[in-house]
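A.B. asks: Heads up: the protein sequence lines correspond to chains A and B, in order. The opening position of the first sequence corresponds to residue 16 in the numbering used here, with each subsequent residue numbered one higher. The opening position of the second sequence corresponds to residue 4 in the numbering used here, with each subsequent residue numbered one higher. For each residue, glycine too, the CB sits at the ideal point set by N, CA and C. From a predicted model like this one, the values you see are computed outputs, not experimental measurements. Take this structure, written in structure tokens, and hold onto it; I'll ask about it next.
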Amino acid sequence: MNTDTAAARVENATKIYGSGATTVTALDDLTLAFERGRFTAIMGPSGSGKSTLLHCIAGLDDLTAGATFIGDVRLGELKDKELTLLRREKVGFIFQSFNLIPTLDAAENITLPVDIAGRDADGAWFDQVVSTVGLGDRLRHRPAELSGGQQQRVAAARALVSRPEIIFADEPSGNLDSKSGAELLGFMRQAVDQFGQTIVMVTHDPNAAAYADRVVFLADGRYSGELADPSAIEILEHLKSMGE
Amino acid sequence: MIKLAVRGVLAHKVRLAMTTVAIVLGVAFVAGTYVFTDSVKQSFDTLFTDVSSGVDFYVRGVSEFGSQPPRIPDTLASRVAAVPGVAVAAPSVEGIAQLIDKNGDPIGGSGPPTLGFSWSEADEGISLTRLRDGAWPVGPDMIAIDAVSADANDLHVGDSIEVIVPVGVERFTISGIATFGDAGNLMGATLAIFDLPTAQRVFQSEGEVSSISVVLSSGVSPTAVQALVSGMLPDTAEILSAQDQTNEWIAQVDEGVGFINTILLVLAGVAVFVGAFLIQNTFRIIVAQRTRELALLRAVGATARQVTAIVVIEAIVVGLVASAIGVAAGILIAMALKAAFSAFGFGIPTSSLIVASRTIVVGFIVGVGVTLVAALVPARKAAMVPPVAALRDVENPPRSLGRRIASGAAVTGAGLVMLAVGLLANLGNAVALVGFGALVTFVGVSLLAPLVAREFARFAGAPIARWRGVTGRLAQENAMRRPRRTASTASALMIGVALVTVIAVFSASTKSGVSAALRRTFANDFQVSISGFGDPTASGLPPALTEQLRQLPELETVVRDRFGIFRFAGSDADSFLLGVDGDYSQVANINTVAGEVQQLGPGTALIANADAERLGVGVGDVVTVQVPSGSSLYLRLVGIYDEPAIGVPLLIDLHTYEYYQTLRLDRFIYIDVKPGVDLAAARAAITAVTDRYPNAKVTDTNELIADYEKQISTVLNLVVVLLGFAVIIALLGIVNTLALSISERRHEIGLLRAVGMNRRQVRQMIRWEAVLIAVFGGVLGLVVGLVLGSAVVVAIGQGLQLSFPVGQLVVYLVAAGVGGVLAAVIPARRGARLDILDAIAYE
């Protein structure tokens, strides 16, 4: 695997929570890379370390040992200020819930990272993103006036609008009904295909993971295989085989 | 239920701690005030009782009111001493004597009196004063002074000292240093002690004494001897039992202490009132944050009443803890007050601190009561949480503000009516009514404040949003999102700002009123008066000064006046008069409604217009007044004036004055220079005379006005400083609200950090929110303060000219904003330090 082209990677990543008798090893000497322009899903049973991996690679948490890179930048060496700047410039987020600032309307939420950076939003790009997620007429509404699906689409638009190198999504469709979830995932797929966006998504839902180009499986904080362009059925089979 | 409530308090320790601070401070002030004033009273009671126990009774001049009884012939002393059964009859003279320090400046005299006493051997053992160093004064050149004056000015036995007495400025040698009981002086009063003949001479009372202390031989019947003495006294003298004299002294101390008591209690009241807003807000937020917990209780079967009870019990627990800490802190405050008084030269005899059970009871009633009242509304709100809220987020639909408009308007209206009645109607306790009206108005405005909070934040936040971008925009939105919370936090600050604004308006209006009146009325060239603050009934310039000025060839007119006390016949209220020596009309433009100022002479008077109307008298009528000796004077009116610059209701002539009043010192000397004489030369000539009188000060009209303005500022600035305390409590409220809001918005801040907001921007966002809340409170305070202040000024009317100190008010507003920045320091730091993972990990 050519790591030079990876949008993000971890090398020998170990993360241990707690101390003494209660230690939990969430990541155990894991090495993994995410290629540019691809949609990767990370799957695994509860406690497999998938959320921890996402948090560490996104610069929200730090490793006990090993290294994480976004592009060529090694996160462990960065101070909070530089890390903040990196998140602002190069990383987009879609969380399971609580993605939006309730006091700002949809448009303001979408441009939030750009506004925080004190830059002007790229108008044409903004329009394109907004029309792709299909929010045109809801832009002046506040989150409380939007449905769950609409809220997650606003979050996705926000993640895209600053053209980050990589977007991390943590169970983005976890709180949505299947129709809204499908719309959101379809949109994420579109972002990868049309705009060449890199997306890394953590999920436990095989149907969601089926939208990805590559599905990586984790167990007990270790790599336990992957599938390329799998269908939901194939993923389910793999998960079952892991369980045995 | 109680267990749940106590657990609730423990779970919210930190949040409640901030609230507790407000109550602790309020209770501490109440308790501290009581402990301090009780201790002071107790120590003086002990001292006076000790002294009086040696004396059986006193003989003195008949005095109906006023502080200085008229004098009695000194021959009475030897006659009383000759009465069978009398062991000692010690005569004593009292007067006013201003000590001068080595640099030629007056010692003390700014507030507390500068007392002069006589001492004779007969006083041994029955005098209030004790000798610390040296000997009692004997002979015409000797003086004993109080220990505080001596120690503060490096004066010792054998040193020479100048003293201003009614006969002029004289030089004495210090024979001894005296104390008052074991205190260095009598609550800041300076003491000058002479032997009896010297005292009689310097106090212009040859052949007279102020009182005679009588000690009986052992074994005689006091009533029998009293009857004998009483029989030989003239009408102008009376017997005063030792007990009555003690009570009189104690009453005087109580009056002084009572003043301090009132000021401190008003401050404590303001603190508690502001604190109540904080408590209410804290409980409201805590209830909101515990919606799920309360709903769960409802779901498992707790009644609405039980949920209310939990919150109420929590309030009681908080109130009890805060009151206990407050009472303890109050004892510390009392100790600090005592130390401060000694440090500023106010001698107080030592005694242990008195913590009366009343102090503790009142402290707890105030602390628990206020907490309880403030928590009632949030407690009722807690009961309205539906059980289903345990299962899912129930967005409380914002209740219609209609009822709030109605109740807010009603309460505000009631407050304003009370104010108006208190200010305009002639009621006995108008001050209490005005104060209460102001409180009610504050509550009313705080009820109405949420209505404008949103619009205010939108309006005032717009420039911040434009300038600061998204952080400013978020600050603006955060200040707008909970108008009730913002309003109630701001209301606490409003009270402090409103009060200082009232003071500022009152101060500016007084200054412009005084300056306009003085400028118009006293168009004379120069004035001479005493420097600094002095009680006009117990301080002044020696008459010799006027006599010397009248010798100066440069001066055309020299008119002086003296301050006196009297009562209109049938009235129990003390009024004041001026005794005028010379033609007032030559040195002042006194606006007369009828008659003429020049007509003033022995047995006549001029009266102020308002009093003439009230009494229904006119020129030519006779007005009956009482003087302190109890005599009635019948004064024929020769004129009626309408002149705010005069400031007293009655002008009499100096001959009349000297006959009925005891003060032998001049208050003011007005001077007009001869035509053609250079003003600077005239001033030099005047100053050459006044330089011999260290407490005399020469001014022209502009300087006089500046002096008055400075005095007004000094007094009122002190009040503003004291009110700063209320502002600090209100800022604590902002800290508290912000801290609670931030913990409520943990997820939101985590999200902002995740998408790239750095810590500085988080701090900035919180800081601007604090500024918006603070400035909102400041603006509300300014508006309410301007209305209240204008109302007070208009209601008082006489001598005031409504005027708004715009610059000062702008400073207050800016200060409020800066206060917001300071209040935000800790919450902003906490907000910026929030762990992103904790904040976004929701479930």
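Considering only the alpha carbon of each residue, which of B/I75, B/I99, B/A93, B/I103 lies closest to B/N698?
C.D. replies: Nearest C-alpha to B/N698: B/I103.
A.B. asks: Return the first residue and the last residue of the beta strand (DSSP E) that B/F525 is part of.
C.D. replies: Careful: B/F525 lies outside any beta strand (DSSP E) and carries neither H nor E.
A.B. asks: Does the beta-carbon of B/T285 have 16 or more other beta-carbons within 10 angstroms, so that it is buried, or is it exposed?
C.D. replies: So B/T285 counts as buried.
A.B. asks: By the criterion of Cβ-Cβ separation under 8 Å, what are the contact partners of A/R155 in chain D?
C.D. replies: Included in the structure are the protein chains A and B, with no chain D among them.
A.B. asks: Against chain A, with Cβ distances strictly below 7 Å, would B/L775 count as a contact?
C.D. replies: Judged by the 7 Å Cβ criterion, B/L775 is not in contact with chain A.
A.B. asks: For the alpha helix (DSSP H) that A/M58 lies in, which residues bound it at each end?
C.D. replies: That residue, A/M58, is in no alpha helix (DSSP H); its beta strand (DSSP E) goes 54–58.
A.B. asks: Which same chain residues end up closer than 7 Å to B/V797 when comparing Cβ atoms and leaving out the 5 residues on each side of it in sequence?
C.D. replies: Counting only Cβ-Cβ distances below 7 Å, and skipping sequence neighbours, we find L805.
A.B. asks: For the beta strand (DSSP E) holding B/E559, just list the boundary residues, first then last.
C.D. replies: Unbroken beta strand (DSSP E) run through B/E559: 558–571.
A.B. asks: If B/F280 and B/A495 are in contact, beta carbons under 8 Å, what's the gap, nearest whole angstrom?
C.D. replies: Sure, about 4 Å apart at Cβ, within 8 Å.
A.B. asks: I'd like the ranges of any alpha helix (DSSP H) spanning at least 4 consecutive residues and lying wholly in the stretch 397–473 of chain B.
C.D. replies: For the stretch 397–473 of chain B, whole alpha helix (DSSP H) runs of length 4 or above, ordered along the chain, are 405–427, 433–471.
A.B. asks: Looking at the secondary structure, which residues open and close the alpha helix (DSSP H) in which B/M235 lies?
C.D. replies: It spans 225–235 - the alpha helix (DSSP H) in which B/M235 sits, taken as one unbroken run.
A.B. asks: Strictly by DSSP, which residues pair up with A/M216?
C.D. replies: A/A56, A/A184.
A.B. asks: With a cut-off of 7 Å, does the C-beta of B/A463 fall near any C-beta of chain A?
C.D. replies: So, not an interface residue.
A.B. asks: Chain B beta carbons: is any one of them nearer than 7 Å to that of A/I125?
C.D. replies: It does not: the Cβ of A/I125 has no partner Cβ on chain B nearer than 7 Å.
A.B. asks: So, at 6 Å on beta carbons, what are the nonlocal neighbours of B/T524 in its own chain, with the 5 sequence-adjacent residues on each side left out?
C.D. replies: Answer for B/T524: A591, N592, A648, listed in chain order.
A.B. asks: Output the boundary residues of the alpha helix (DSSP H) element that contains B/R82.
C.D. replies: It spans 78–84 - the alpha helix (DSSP H) in which B/R82 sits, taken as one unbroken run.
A.B. asks: If the cut-off is 8 Å on Cβ atoms, which residues from the stretch 288–300 of chain B count as contacting chain A, listed in chain order?
C.D. replies: Hits within the stretch: zero.
A.B. asks: Name the residue from B/G573, B/D577, B/L558 whose alpha carbon lies nearest to the alpha carbon of B/G567.
C.D. replies: Measuring from the Cα of B/G567, the nearest candidate turns out to be B/D577.
A.B. asks: Look up B/I593 in the DSSP assignment and say whether it is helix, strand or coil.
C.D. replies: Residue state, collapsed to three classes: coil.
A.B. asks: Is any beta-carbon of chain B found at less than 7 Å from that of A/I131?
C.D. replies: Output row for A/I131: interface = yes.
A.B. asks: Could you list which residues in chain B have their beta carbon closer than 9 Å to that of A/D95, in chain order?
C.D. replies: Those are N761, R762, listed as they occur along chain B.
A.B. asks: Ordered along the chain, which non-local residues of its own chain (more than five positions away) have a Cβ less than 7 Å from that of B/N156?
C.D. replies: Around B/N156: D104, K105, I110.
A.B. asks: Should B/L236 be listed as close to the ligand NAP, given that the test is whether its C-beta is under 6 Å from any heavy atom?
C.D. replies: With respect to the ligand NAP, the structure shown offers nothing to examine, as it has no ligands at all.
A.B. asks: Since B/A181 and B/T132 should fall inside the 8 Å C-beta cutoff, what is the C-beta to C-beta distance between them, to a whole number of angstroms?
C.D. replies: About 4 Å; that satisfies the 8 Å criterion.
A.B. asks: When DSSP builds the beta bridges, which residues end up paired with B/W122?
C.D. replies: In DSSP, B/W122 forms a bridge with B/D198.
A.B. asks: Measure the C-alpha to C-alpha separation of B/R295 and B/V373 and round it to an integer number of angstroms.
C.D. replies: Their Cα atoms are separated by approximately 27 Å.
A.B. asks: Would DSSP call B/K677 helix, strand or coil?
C.D. replies: Looking at B/K677 - three-state DSSP - the assignment turns out to be coil, as it is neither helix nor strand.
A.B. asks: Curious, which full-length beta strand (DSSP E) runs of at least 3 residues does the stretch 616–693 of chain B contain?
C.D. replies: Fully enclosed beta strand (DSSP E) runs of 3 or longer: 625–629, 635–644, 653–656, 671–676.
A.B. asks: Which residue spans inside the stretch 773–797 of chain B form an unbroken beta strand (DSSP E) run of at least 3?
C.D. replies: If we require 3 residues or more, the stretch 773–797 of chain B turns out to have no beta strand (DSSP E) run fully inside it.
A.B. asks: List, in order along the chain, the chain B residues whose C-beta lies closer than 8 Å to that of A/I248?
C.D. replies: What A/I248 touches in chain B: nothing, since even the nearest Cβ is about 29 Å away.
A.B. asks: Do you know how far the Cα of B/A819 is from the Cα of B/V277?
C.D. replies: Roughly 16 Å between the two C-alpha positions.
A.B. asks: Any C-beta of chain B sitting closer than 7 Å to the C-beta of A/T18?
C.D. replies: Confidence at A/T18 is low in this model, with a pLDDT of 46, below 50, so its placement is unreliable and the value that follows should be read with caution. Answer no: the Cβ-Cβ gap between A/T18 and chain B never drops below 7 Å.
A.B. asks: What are the partner residues of B/I148, as DSSP defines its beta bridges?
C.D. replies: Per DSSP, B/I180, B/A195.
A.B. asks: DSSP on B/R174, reduced to helix/strand/coil?
C.D. replies: B/R174 falls in the strand class under three-state DSSP.
A.B. asks: Does B/A134 come out as helix, strand or coil in the three-state DSSP assignment?
C.D. replies: According to the sequence displayed, residue 134 of chain B carries Leu and not Ala. Of the three classes helix, strand and coil, the one that applies to B/L134 here is strand, per DSSP.
A.B. asks: B/I99: buried (16+ other C-beta within 10 angstroms of its C-beta) or exposed?
C.D. replies: Classification for B/I99: buried.
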